[in-house]
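The block underneath contains the structure these notes are about, expressed in structure tokens.
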Amino acid sequence: MESTHLSQAVQFIFAGLTSGSIYALVALGFNMIYNVTLVVNLAQGEFLMLGAMTMISLYSGFKLPLPVALVLSTLIVGCVGILFDRFAIRPLKKPSIMLLILLTLGGSTFLKGVALLIWGKDPYTAPTFTKLKSISFLGASFSPQMLWIIGTLVVVSFVLWFFFERTLLGKAMRACAENPRAASLMGVNVKTFVMISFFLGGALGAVGGMLMAPVSFMVYDEGTMMGLKGFASAVLGGIGSYPGAVVGGLVLGLLESLSTGYVSSIFKDILAFVVLLLILVIKPTGLMKRSDE
Amino acid sequence: MMLSVESLSIYYGGIQALKGVSLEVKEREIVSVLGANGAGKSTLLMSISGILPSRQGKIMFDNNEITRQSPSSIVRLGICQVPEGREVFKSLTTLDNLRMGTYHHYRKSPKSLVEKDLERVYTLFPILKQRRTQMAGTLSGGEQQMLAIGRGLMARPKLMMLDEPSLGLAPLVVEEIFRTLTALNSMGITLLLIEQNARAALKIATRGYVMETGKIIMEGRAEDLLENEHVVSAYLGG
Ligand SMILES: Nc1ncnc2c1ncn2[C@@H]1O[C@H](COP(=O)(O)OP(=O)(O)OP(=O)(O)O)[C@@H](O)[C@H]1O
Ligand SMILES: [Mg+2]
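Line order of the protein sequences matches chains B and E. Residue numbering for the first sequence follows the working numbering, beginning at 103 and increasing consecutively. Residue numbering for the second sequence follows the working numbering, beginning at 358 and increasing consecutively.
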């Protein structure tokens, strides 16, 4: 009896960490774009869906080797991010916050429409990255994909930390975010960094989607809910904070899986809204205060 | 001629902020631009730096036309601006702010040379060495101004343009800043200095310009301007 309780708890926790890691990746993508441009990109979830769909097509349709399909999809969606900036955001002469939000919302609908044209309404899935059947731990059993998901989040977090804390390029990107004009005066090409941020935003979304594809079904409009949960995670952790995105994503994932497991599954999808509203009312700066404030 | 600005006009929407401004800076000079609030001094520097595109006029630097060049290529040519209000990167440390100054050349510069530049800044402003791991946003106003100048210096400019470096600082700190400017000049850096502290600026300057509502209304040697009736009554509180 004791041990089934334990294994059940372990199962819930790992399930939470797994979906939480995906939310964290979406939230990191949000912050990547927000930090440099102050654009709250409501199409972030669509980047995730596009990453998954592209990867599935390249792998199952075009029969490319898995690693090639993964890398190519990341690059392709990164480029979609750049195009998004180039054709939707940059042409704006006088961008206001409201206009930008509407624009990214329009962009999200557009990307969904394109996905509907290409992939139709059918759900797709992908094989797990490794052939192992499942892993047992403390009486609970997991898909090996879970290790890929959590491992990728760890690696991505480390790479981002290294980039922003240890390289001048990363610091220049932070400088752009804080004061674009002063950064230009130092010779930083702000437009290039805006482009890089949209590329990375797209790429991070794609990575989330590709990791998720083997453990769930991907449909053309799957991005909307994921985008919302990623956004809730970013706000929960403190919008703009990278550690906050990771913490926010994991906390939301855990809350969802524990409430689904112990209370009822009806909470699963409304929880993100509740968390979003609560944090905006109680502590709008999020759980993790940014080091620069 | 190191820098020459020829009949430069700048508009903000429909409003004309610069109305055909011409100005010259020779190598090794300290040139001071005086003018009341809203005269267009910052606008002038921002357009030389390439931040504000100019619709009319011509800017030459070291025999290159820079009128329509990007801010980054202008920095690479050797013009660095220390902007009004310091504009240090508050969320970066003092040392990282200084490193940001090296942004346009750090890939090509040997590390030892950058270290030497850093030592030069620390010699000018020893306090920055003490504060090097501190977030720039937590520095005092005077320290931020020193940091802004230090950051500019790390860019290895031939021409440094300073926009009101003494603004809002205590008299002792102002003195230190002006002493540093003289030191920079004797290191071989040419200075274009915007100041409301007209007396102090003209004392260290070689030549000066007076700007009013987007126009240069007077120019001359600094010692002459210090005695000019209009300058004395309008800017020297006499
Ligand atoms: N971004 C802007 N948009 C519209 N008008 C502007 C802008 N920046 C400056 N101006 C206007 O252009 C004129 C010149 O401004 P500028 O900042 O160059 O003056 P300044 O001489 O630097 O003044 P100060 O001594 O107060 O710094 C002013 O009338 C100002 O209101
Ligand atoms: Mg000014």
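For every residue, glycine included, the Cβ atom is placed at its ideal position computed from N, Cα and C.
message = To the nearest angstrom, how far is the alpha carbon of B:G311 from that of E:P467?
response = Going by the C-alpha atoms only, they are around 42 Å apart.
ask   = Comparing the C-beta of E:F418 with each C-beta of chain B, is any distance below 8 Å?
value = Chain B has no Cβ within less than 8 Å of the Cβ of E:F418.
query = Can at least three beta-carbon pairs, one atom from the stretch 159 to 169 of chain B and one from the stretch 282 to 294 of chain B, be found at a separation below 8 Å?
reply = In this structure the stretch 159 to 169 of chain B does not lie against the stretch 282 to 294 of chain B, because fewer than three pairs of beta carbons, one per stretch, are closer than 8 Å.
query = Are any of the Cβ atoms in chain E nearer than 8 Å to that of B:V290?
reply = At a cut-off of 8 Å between C-beta atoms, B:V290 counts as an interface residue with respect to chain E.
inquiry  = Does the beta-carbon of E:G525, which I'm using as the reference point, lie nearer than 7 Å to any heavy atom of ligand 1?
reply    = Relative to the non-hydrogen atoms of ligand 1, the Cβ of E:G525 never comes closer than 7 Å to any of them.
query = What is the residue span of the beta strand (DSSP E) that E:T547 lies within?
reply = According to the DSSP assignment, E:T547 belongs to the beta strand (DSSP E) that extends over T547 to E552.
query = So what does E:N421 bridge to, in DSSP terms?
reply = The partner list for E:N421 (beta bridge, DSSP) reads E:F418.
key: Boundaries (first-last residue) of the alpha helix (DSSP H) holding B:Q247   = Element bounds for B:Q247: Q247 to R268.
task = Please name the residue in B:M320, B:G253, B:L379 and B:P167 whose C-alpha comes closest to that of B:P225.
result = The candidate whose alpha carbon is nearest that of B:P225 is B:M320.
ask   = What is the residue span of the alpha helix (DSSP H) that E:K376 lies within?
value = First-last for E:K376: I372 to V382, but that is the beta strand (DSSP E), not the alpha helix (DSSP H).
ask   = Using 8 Å as the limit for Cβ to Cβ distance, is B:D394 near chain E?
value = Per-residue confidence for B:D394 stands at a pLDDT of 45, beneath the threshold of 50, marking its modelled position as unreliable; the derived number appears in the next sentence. Taking 8 Å as the CB threshold, B:D394 lines the interface with chain E.
ask   = Counting pairs of Cβ atoms below 8 Å between the stretch 104 to 113 of chain B and the stretch 335 to 348 of chain B, do you hit three or more?
value = Put simply, the stretch 104 to 113 of chain B does not touch the stretch 335 to 348 of chain B. Fewer than three CB pairs are less than 8 Å apart.
key: E:S399 to B:D187 span [Cα, whole Å]   = When rounded, the separation of the alpha-carbon atoms in E:S399 and B:D187 is 31 Å.
key: Inter-residue spacing [alpha-carbon to alpha-carbon] between B:S175 and B:T156   = Going from the Cα of B:S175 to the Cα of B:T156 covers about 6 Å.
ask   = Can we say the stretch 129 to 147 of chain B touches the stretch 346 to 354 of chain B, given the rule of at least three CB pairs closer than 8 Å?
value = Contact holds: three or more Cβ-Cβ distances are below 8 Å.
query = Just to confirm, are E:Q373 and E:S406 a CB contact at a threshold of 8 Å?
reply = At a Cβ-Cβ threshold of 8 Å, E:Q373 and E:S406 do not count as neighbours.
query = Just checking my contact of E:L375 with E:S366 at CB under 8 Å: how many whole Å lie between their CB atoms?
reply = Taking a contact as a CB-CB distance under 8 Å, the pair E:L375 and E:S366 counts as one, their CB atoms being some 5 Å apart.
query = E:T570: which of E:G377, E:M358 and E:G371 sits nearest, CA to CA?
reply = For the residues E:G377, E:M358 and E:G371, the minimum Cα distance to E:T570 belongs to E:G377.
E:N454 and E:L504 closer than 8 Å at C-beta = Contact flag set, yes.
query = On the three-state DSSP scale, how would you describe E:E569?
reply = E:E569 falls in the strand class under three-state DSSP.
query = If you drop the 5 nearest sequence neighbours on each side, which residues of the same chain put their C-beta closer than 6 Å to that of B:L249?
reply = Once the five neighbours on either side are set aside, B:L249 has no close Cβ partner at all.
request  = Would you check whether ligand 2 has a heavy atom nearer than 7 Å to the C-beta of E:S406?
outcome  = Answer for E:S406: no, Cβ out of range of ligand 2.
inquiry  = Just to confirm the assignment, what range does the beta strand (DSSP E) spanning E:I387 have?
reply    = Unbroken beta strand (DSSP E) run through E:I387: I387 to G392.
query = If you measure from the beta carbon of E:I408 to each beta carbon in chain B, is any gap under 8 Å?
reply = Taking 8 Å as the threshold, the shortest C-beta distance from E:I408 to chain B falls below it.
key: CA nearest to the CA of B:I184, picked from B:N143, B:L168, B:G253 and B:A285   = Ranking the options by Cα distance to B:I184, first place goes to B:N143.
key: Contact the stretch 457 to 475 of chain E vs the stretch 504 to 518 of chain E: 3+ CB pairs below 8 Å   = Touching, per the Cβ criterion.
query = How many angstroms separate the CA atom of E:H587 from the CA atom of E:F535?
reply = For E:H587 and E:F535, the distance between alpha carbons rounds to 24 Å.
B:L360 in three-state terms, based on DSSP = Here DSSP, grouped into helix, strand and coil, assigns B:L360 to helix.
task = Quick one: residues with CB closer than 7 Å to any heavy atom of ligand 2, in chain order, please.
result = The filter returns E:K398, E:S399, E:E441, E:D520, E:E521 and E:I551, in chain order.
ask   = When DSSP labels each residue in this structure, what does B:V365 get in the three-state scheme?
value = DSSP, reduced to helix, strand and coil, places B:V365 outside both helices and strands of the structure shown, so it counts as coil.
query = Does ligand 1 have even one heavy atom less than 7 Å from the beta-carbon of E:Y369?
reply = Placement of the Cβ of E:Y369 at a distance of less than 7 Å from at least one heavy atom of ligand 1 is found.
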